[in-house]
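Heads up, the thing below is written out as structure tokens.
Number of protein chains: 2
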Amino acid sequence: METAKRKRLEAKGWKVGDAAEWLKLAPEEAAYIELKLSLCRALRERRIRKKLTQQDIARILGSSQSRVAKMEAGDPSVTLDLLVRSLLALGSPKKKLEHALLQV
Amino acid sequence: METAKRKRLEAKGWKVGDAAEWLKLAPEEAAYIELKLSLCRALRERRIRKKLTQQDIARILGSSQSRVAKMEAGDPSVTLDLLVRSLLALGSPKKKLEHALLQV
DNA sequence: TGAAATTATGTCGAATATGATATAATCTAA
DNA sequence: TTAGATTATATCATATTCGACATAATTTCA
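Shown next, in the form of structure tokens:
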């Protein structure tokens, strides 16, 4: 992995192992991250379409604006569980969720 | 919710709120749990198909037999993240994973 | 049968995610 | 431009999940 990209990921909080480890875990790790990011995008798109602020969403979810921001940003501290539960709570249509999940 | 069922869920570790909260959260909570369970089943089916023990899977995942058992059992201490990463690590065929995830 | 293998359950310290808060950065209209 | 609104980032205490271990329950098969 090129150094610059690794630095960027590490700065964001992603754990990046050594070259061998990266090569070994890359496929499933990449798929996992891709899945998360697609759900993040789905969440943001859904909010934008409804013309709601992150604060609004936070209220609906019983969370905070900062966490909603992290969800949308794909922060590594955000779990698939939180993303999926949030999308469901926002009444995300099955199709939308499908579309995101299909990008795995 | 009927008392018996609630008792069963609580005994298993599931958080069950009061009636109002239950009614409010039921749909998405149910969908979330169903989603998890479908991934649990996918994991077990995949292991059985490969004729591997939970111990084998634990080694592959760098985890423990007890956690694999909990994954397959749909224990509430198991996250979607762990399930998805496990399925990916086991080389879950794309279609299989999608199918499981799409049961939302 | 019953011993060995496999799976299930309970518990724990450590690791990680959470909502909350503060505040910085960015965007939006006027 | 600039004030107000919105979003991003940093940090924290708390809560939850993790792998590990012990051990119980169940299954397998000779």
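Sequences listed follow chains A and B, in order.
In terms of our numbering, the first sequence opens at residue 55 and continues consecutively.
In terms of our numbering, the second sequence opens at residue 55 and continues consecutively.
A virtual CB, placed ideally from N, CA and C, is assigned to each residue, including glycine.
Annotation for Lys124 of chain B: the continuous alpha helix (DSSP H) segment containing it runs 119-127. Taking 8 Å as the upper bound on Cβ-Cβ separation, chain B lies near residues Thr133, Leu134, Asp135, Val138, Arg139 of the stretch 128-140 of chain A. Of the candidates A:Leu144, A:Ala143, A:Leu136, A:Gly145, the residue whose Cα lies closest to the Cα of Leu91 of chain A is A:Leu136. Three or more beta-carbon pairs separated by less than 8 Å link the stretch 88-108 of chain B to the stretch 125-145 of chain B, which places the two stretches in contact.
Nearest to Leu115 of chain A by alpha-carbon distance, out of A:Arg103, A:Glu88, A:Arg100, A:Leu144, is A:Leu144.
Proximity of chain B to Ala143 of chain A at the Cβ level (cut-off 7 Å) is accounted for by Glu82, in chain order. Scanning chain B for C-beta atoms nearer than 8 Å to the C-beta of Leu89 of chain A yields Val138, reported in chain order.
Secondary structure of Lys90 of chain B (DSSP, three-state): helix.
In the DSSP annotation of this structure, the continuous segment of the alpha helix (DSSP H) that includes Leu141 of chain A starts and ends at 134-143. Per DSSP, the unbroken alpha helix (DSSP H) holding Leu115 of chain B starts and ends at 108-115. By the C-beta density criterion, Gln108 of chain A is buried, having at least 16 other C-beta atoms within 10 angstroms. Looking at the backbone, the Cα of Thr133 of chain A and that of Ser140 of chain A are separated by about 11 Å. Straight through space, the alpha carbons of Ile102 of chain B and Leu142 of chain A are spaced by roughly 31 Å.
One finds Leu142 in chain B with Cβ atoms closer than 8 Å to the Cβ of Ala85 of chain A, taken in chain order. Inter-residue distance for Glu83 of chain B and Tyr86 of chain A is about 23 Å (C-alpha atoms, whole angstroms).
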